[in-house]
Every structure is written in structure tokens, then in C-alpha cells.
Amino acid sequence: MERLTADEQLTLKTGAFGAVFLVSNAVPGMLAMVRESIAASGALGDASGVVKEALTTGPLPQLPRDSALEIEAIVLPALGRAVEILRAKSPGDVQAYRSVVLAAADRVAQAHRGIAPAEAAVIDKIRQALAEPA
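So in my numbering, the last one in the sequence shown is 609, and the numbering has no gaps at all.
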């Protein structure tokens with residue numbers, strides 16, 4: 476396993492935190508946001524090894540706040556790049572990253588009245604971004 480650079484760690488963090496942000500914003504609501512934040516923290520806290528180090532060290536990612544499309548344009552490619560980085564430097568952690576991100580997205584969606592169609596659509600996009608290239 477090769478150590479991740481600060482930029483690579485930020486890519487993993489941008490993908491993971493951004494995925495949670497996308498799901499959380501798919502169905503807005505203040506009370507829901509609090510529940511979703513707690514759910515996401517629990518799931519991301521389950522990470523271990525290289526993935527945990529990437530998600531818990533360094534600066535927080537800077538995501539645009541203006542539109543979901545702008546956020547998707549940053550987050551979805553970051554998820555794909557994160558998988559590529561891990562495949563190159565720590566192949567044993569690729570599945571762990573996918574699992575943690577998808578678990579966090581799922582927990583966020585279920586945190587307030589179950590998974591809404593808009594949340595399910597975002598989770599599908601996240602799953603596709605994390606998939607192996609064809």
C-alpha cells in the first residue's frame with residue numbers, strides 16, 4: 476500500500492462528504508438535516524484504515540452551495556477518482572470506500588421518513604460513480 480497524498484485524501488473526502496450532501500439535499504428540511512447529519516457521521520465513522528485516515532484528516536472539502544447540478548459536477552467525478560486512487564495505491568480499500576459511502580448515503584436517506592424517490596435517484600448516481608469502469 477502506498478500512502479495517499481493530501482490531495483488524494485481530499486478527493487476521497489470530497490466524494491464521501493459530497494455524496495452525503497447530495498442525498499441530504501435531495502429532499503430539503505431542517506429537522507431532516509439534523510437527523511441526516513447524525514446518520515452520516517455514524518456511517519462515515521465506521522470507516523477503517525486508509526479510508527478512515529482520508530475521511531478524518533486534513534481540511535473539509537469546499538462544495539458549491541448554489542445548485543445541485545454544480546455539486547454533482549464535482550462530487551460524482553470525485554467518487555470515480557477516489558476509486559481510481561485507491562485501486563492504484565491501496566486496492567484492498569476500494570470496496571471499503573464504496574461500502575462506507577453507500578452506507579452513509581443510505582443512512583442519510585432513511586434518517587427521515589424513509590427513502591424518498593429523489594434520494595433513491597441520487598443514490599443510484601452515487602452507485603454508478605463508484606462502479607468499476609466498463
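Idealized CB from N, CA, C, for every residue including glycine. All values derive from a computational prediction rather than experimental measurement.
Does residue i come out as helix, strand or coil in the three-state DSSP assignment?
i	result
Thr480	coil
Ile601	helix
Ser542	coil
Pro536	coil
Val495	helix
Could you give the distance in angstroms between the alpha-carbon of residue i and the alpha-carbon of residue j?
i	j	result
Ser542	Asn500	10 Å
Met505	Ile546	Bear in mind that the predicted position of Met505 carries a pLDDT of just 49, short of 50, making it unreliable; the figure below should be weighed with that in mind. Spanning the two alpha carbons is a distance of roughly 19 Å.
Leu554	Lys527	15 Å
Would you decide whether residue i is buried or exposed? Buried here means 16 or more other CB atoms lie within 10 Å of its CB.
i	result
Gln484	buried
Ser627	In the structure displayed, the chain extends from 476 to 609; residue 627 sits before or after that span and is not available.
Leu544	exposed
Leu605	buried
Does any residue of chain C bring its CB to less than 8 Å from the CB of residue i?
i	result
Thr532	Note that chain C does not occur in the displayed structure, where there is just one protein chain.
Out of the options, state which residue places its alpha-carbon closest to the alpha-carbon of residue i.
i	options	result
Pro503	Glu528, Ala586 and Asp521	Ala586
Hey, residue i and residue j are a contact pair by Cβ (cut 8 Å); roughly how many whole angstroms apart?
i	j	result
Thr486	Arg556	5 Å
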